[in-house]
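Enquirer: I have a structure here, written as structure tokens, and I will follow up with some questions on it.
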Amino acid sequence: MGKSHAEEGTGTMINKEVRDIADALSGIGDGAVVMVGGFGSVGQPDALIEGLIEQGARDLTIIANNAGAGRVGLAKLMEAGRVRKIICSFPRSAGSVVFEELFRAGKLELEIVPQGTLAERIRAAGAGIPGFYTATTVGTLLAQGKETRTFDGRTYVLEHALHADAALVEAWRTDRMGNCTYRESGRNFNAVMAMAARMTVVQSCGMVAVGALDPEAIVTPGIFVDRIVVVPEAAKVAAGAEGGA
Amino acid sequence: MSICKPLSRRDLAARIARDIPEGWYVNLGIGIPTLIADAIPAGREVILHSENGILGFGPAPAPEAVDPWLINAGKQHVTLNAGGSFFHHADSFAMIRGGHLDLCVLGAFEVAANGDLANWATSAEDSAPAVGGAMDLAVGTPRVWVATEHTTRDGAPKLVERCTYPLTAPGVVTRIYTNLAVIDVRDGRFVVTEMIPDLSREALQAQTGVELHFEVPEYA
Chain A
266 MGKSHAEEGT
276 GTMINKEVRD
286 IADALSGIGD
296 GAVVMVGGFG
306 SVGQPDALIE
316 GLIEQGARDL
326 TIIANNAGAG
336 RVGLAKLMEA
346 GRVRKIICSF
356 PRSAGSVVFE
366 ELFRAGKLEL
376 EIVPQGTLAE
386 RIRAAGAGIP
396 GFYTATTVGT
406 LLAQGKETRT
416 FDGRTYVLEH
426 ALHADAALVE
436 AWRTDRMGNC
446 TYRESGRNFN
456 AVMAMAARMT
466 VVQSCGMVAV
476 GALDPEAIVT
486 PGIFVDRIVV
496 VPEAAKVAAG
506 AEGGA
Chain B
17 MSICKPLSRR
27 DLAARIARDI
37 PEGWYVNLGI
47 GIPTLIADAI
57 PAGREVILHS
67 ENGILGFGPA
77 PAPEAVDPWL
87 INAGKQHVTL
97 NAGGSFFHHA
107 DSFAMIRGGH
117 LDLCVLGAFE
127 VAANGDLANW
137 ATSAEDSAPA
147 VGGAMDLAVG
157 TPRVWVATEH
167 TTRDGAPKLV
177 ERCTYPLTAP
187 GVVTRIYTNL
197 AVIDVRDGRF
207 VVTEMIPDLS
217 REALQAQTGV
227 ELHFEVPEYA
């Protein structure tokens, strides 16, 4: 007459929520490739970026759309000398002073990737697709040295999947199983990066009970998520800190 | 020489907005194109797309109504119209690269008569320019309109025989709206279809780096 294993409640239920930011980021080592979600400041996992500065990993490769603004967040991580390389679409923008300084001094490697190619390379990594062909960059400097192929008379460039050791993303609501929703334009790169890394760490604006999220509204199913740390929506700084796309 | 008044950036945006028909899905680049969002005639359903995952955004909000989670690709606050939707970046660029948009309007450093567009880097030595979504839009959208001042601030032509700046994409521009004229790109030629009042063909040609062809009545 014993209860089934599932009903025993032995404390082994799935629970991806971790105690704090240090726990969320443990194991990210020197030389790690880290994806950082967000578009400008919207959907950017600010607390995890700050935590990465505390955490101490060095020689990082950062994959993000922008290269930071001002002297906070990604810019602060770069200024602390922890970033070896940045892969992004829009590094130079209003307020990207730290990037400019480090890049000019030769202290930062840069790989410029068109925004759609960046998103698709990340998506491909998450989907187990090693590469794909795209017309974007054909006939430009960014296609130099890349393999091309013609399909139906049109030329395309081969692009490779972009993998990472960790993805730091911000979600709106999560449950302990790792299901995520996003808020408005905060979804951006977050939902794609969540699929693409060996370990996905979610900064959640709020945890809800399992079953409380509408299954139709879950954008990132828990299968893609490894760790969640709750950081209630602080007064989000007004967007616009970073100019340009 | 008669005095003519070039269009302001806002009037240029309004001029372009007039030509965007109801029902089109449109992406607007940074700069003058962004101003088009506020110039779409009231009641005309034009669906605006933003790279960061929005279809159906509307004009800028009143200062007290700013939603910090809702920005456009230029990182400016916007509103969402009824029927708007959100999606992630890969889906957003699937719309662009999959040819689903009807139009994009982009800024330009240079446009060549063969339709080449240069709008992302000012020299091949500029090793850290910001490309953003420009190359994806230029390649993936069936109509690429350029919105720009007719010349640089120094008066140098931006409409040229061949681009000297690094290309965003070859052979993609279909129409150019400047503060002086509307110009179609047809079979490797610039064809002027509209000019501001009191501007002579000679004056327009003098500010252009390649031969213009005219399909427009000349103003006295």
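Taken in order, these protein sequences are the chains called A and B.
Counting from 266, one number per residue, gives the positions in the first sequence under the working numbering.
Counting from 17, one number per residue, gives the positions in the second sequence under the working numbering.
From the three backbone atoms N, C-alpha and C, an ideal C-beta is built for every residue, glycine too.
1) Just the C-alpha distance for A/G410 and A/V490, rounded to the nearest angstrom, thanks.
2) Using a Cβ-Cβ cut-off of 9 Å, state whether A/A503 counts as contacting chain B.
3) For a contact defined as C-beta to C-beta under 8 Å, what are the partners of B/D152 on chain A?
4) Do you know offhand how far A/G335's Cα is from A/T415's?
5) Between the Cα of B/V232 and the Cα atoms of B/M211, B/G225, B/T138, which residue gives the shortest distance?
6) Taking 9 Å as the threshold (beta carbon to beta carbon), is A/T439 in contact with chain B?
7) Evaluate contact between the region 120 to 136 of chain B and the region 149 to 157 of chain B, counting only Cβ atoms and requiring at least three cross-stretch pairs below 8 Å.
8) So the beta strand (DSSP E) A/L433 belongs to, where does it begin and stop?
9) For A/V496, does the three-state DSSP call read helix, strand or coil?
10) Going along the chain, which residues of the region 450 to 484 of chain A sit with their C-beta nearer than 8 Å to a C-beta in chain B?
11) Do B/V147 and A/I377 have their CB atoms nearer than 9 Å?
12) Count the other CB atoms, across all protein chains shown, that sit within 10 Å of the CB of A/S291; report buried if there are 16 or more and exposed otherwise.
13) Please classify A/V475 as buried or exposed, where buried requires at least 16 other C-beta atoms within 10 Å of its C-beta.
14) Once DSSP output is grouped into helix, strand and coil, what is the label at B/P239?
15) At what residues does the beta strand (DSSP E) containing B/V147 begin and finish?
16) Suppose contacts are defined by Cβ-Cβ distances below 9 Å. Is A/G303 in contact with A/A329 by that definition?
17) Between B/S216, B/I70, B/H93, B/T167, which lies nearest to B/A81 when the distance is taken from Cα to Cα?
18) Under 7 Å Cβ to Cβ from A/F397, same chain only, skipping five residues before and after it: list those, please.
19) Cutting at 7 Å between CB atoms, please list the residues of its own chain near A/L325, excluding the five before and the five after it.
20) May I ask which residues mark the beginning and end of the beta strand (DSSP E) holding A/H425?
21) Which residue from A/G391, A/E319, A/Y421 puts its Cα closest to that of A/T405?
22) Grab me the residues of B/G69's own chain with a C-beta within less than 8 Å of its C-beta, minus the 5 sequence neighbours each way, in chain order.
23) If we count Cβ pairs, one from each stretch, closer than 8 Å, do we get three or more for the region 59 to 76 of chain B versus the region 429 to 442 of chain A?
24) According to DSSP, is B/A163 part of a helix, a strand, or is it coil?
25) Excluding the 5 residues flanking B/V207 on each side, which residues of the same chain have their C-beta closer than 7 Å to its C-beta?
26) Helix, strand or coil: how does DSSP classify B/A105 here?
27) Starting from B/S66, follow its DSSP beta bridges and name the residues at the other end.
28) Determine whether the Cβ of B/N68 lies closer than 9 Å to any Cβ atom of chain A.
29) If you count every other CB in all the chains shown that lies within 10 Å of the CB of A/A391, and 16 or more means buried, which is it?
30) Would you say the region 29 to 49 of chain B touches the region 220 to 228 of chain B, given that touching needs at least three Cβ pairs under 8 Å?
31) Given this structure, state the Cα-to-Cα distance separating B/D214 from B/A197, to the nearest angstrom.
32) Is there a Cβ from chain A that is less than 9 Å from the Cβ of B/H116?
33) Note down the Cα distance separating B/N135 from A/A287, rounded to an integer number of angstroms.
34) Which of the residues in the region 161 to 193 of chain B, read from start to end, lie with their CB under 9 Å from any CB of chain A?
35) Could you tell me the boundaries of the beta strand (DSSP E) in which A/M464 lies?
36) Any heavy atom of the ligand ADP closer than 8 Å to the beta-carbon of A/S361?
Expert: Considering the structure as presented:
1) Distance between the alpha carbons of A/G410 and A/V490: 36 Å.
2) Reliability fails at A/A503, whose pLDDT of 38 lies under 50, so the model's placement of it is uncertain and no value is given.
3) Simply P379, Q380, G381, T382, T401.
4) So the two alpha carbons sit approximately 43 Å from each other.
5) Selected option, being the one with the closest Cα: B/M211.
6) No - not a single Cβ of chain B is within 9 Å of the one on A/T439.
7) Three or more Cβ pairs closer than 8 Å define a contact, and the region 120 to 136 of chain B meets that threshold against the region 149 to 157 of chain B.
8) Going by DSSP, A/L433 is part of the beta strand (DSSP E) stretching over 429 to 436.
9) Look at A/V496 here: in three-state DSSP terms it is coil, with no helix or strand label.
10) Only those residues of the region 450 to 484 of chain A whose C-beta falls short of 8 Å from the nearest C-beta of chain B are listed: S450, G451, R452, N453, F454, N455, A456, V457, V484.
11) Using a Cβ distance threshold of 9 Å, B/V147 and A/I377 count as a contacting pair.
12) Looking at its Cβ environment, which holds fewer than 16 other Cβ atoms inside 10 Å, A/S291 is exposed.
13) A/V475 sits exposed, since fewer than 16 C-beta atoms from the chains shown fall within 10 Å of its C-beta.
14) This structure gives no information on residue 239 of chain B, because the portion of chain B shown stretches from 17 to 236.
15) According to the DSSP assignment, B/V147 belongs to no beta strand (DSSP E), since it is labelled neither H nor E.
16) A Cβ-Cβ contact shorter than 9 Å links A/G303 with A/A329.
17) The candidate whose alpha carbon is nearest that of B/A81 is B/H93.
18) Excluding sequence neighbours, A/F397 sits near E385, A389, E424.
19) Cβ within range, chain order: A297, V299, R347, V348, R349.
20) Counting along the chain, the unbroken beta strand (DSSP E) around A/H425 starts and ends at 419 to 425.
21) Looking from the CA of A/T405, the closest CA among A/G391, A/E319, A/Y421 belongs to A/Y421.
22) Taking C-beta separations shorter than 8 Å and ignoring five residues to either side along the sequence, the partners of B/G69 in its chain run F102, F103, H104, H105, D107, S108, following chain order.
23) Taking a cut-off of 8 Å for Cβ pairs, the region 59 to 76 of chain B and the region 429 to 442 of chain A do not touch, as fewer than three such pairs fall below it.
24) Strand, per DSSP.
25) Here B/V207 has I199, D200, H229, E231 as same chain residues with Cβ atoms under 7 Å from its own Cβ, once five neighbours each way along the sequence are excluded.
26) According to the sequence provided, residue 105 of chain B is His. The question's Ala does not apply to it. The answer is helix: DSSP assigns B/H105 an H, G or I state.
27) Beta-bridge annotation (DSSP): B/S66 is paired with B/I70.
28) Contacts with chain A at 9 Å (Cβ-Cβ) include B/N68.
29) This sequence places Gly at residue 391 of chain A; Ala is not what is there. That one is buried.
30) Flag = no, the region 29 to 49 of chain B and the region 220 to 228 of chain B do not touch.
31) Going from the Cα of B/D214 to the Cα of B/A197 covers about 12 Å.
32) Among the residues facing chain A, B/H116 is not included, as its CB has no counterpart in that chain under 9 Å away.
33) The straight-line gap from Cα to Cα measures roughly 43 Å.
34) Within the region 161 to 193 of chain B, the qualifying residues are P182, L183, T184, A185, P186, G187.
35) Unbroken beta strand (DSSP E) run through A/M464: 462 to 469.
36) Inclusion of the ligand ADP in the displayed structure is not the case, the ligand content being empty and no account of it being possible.
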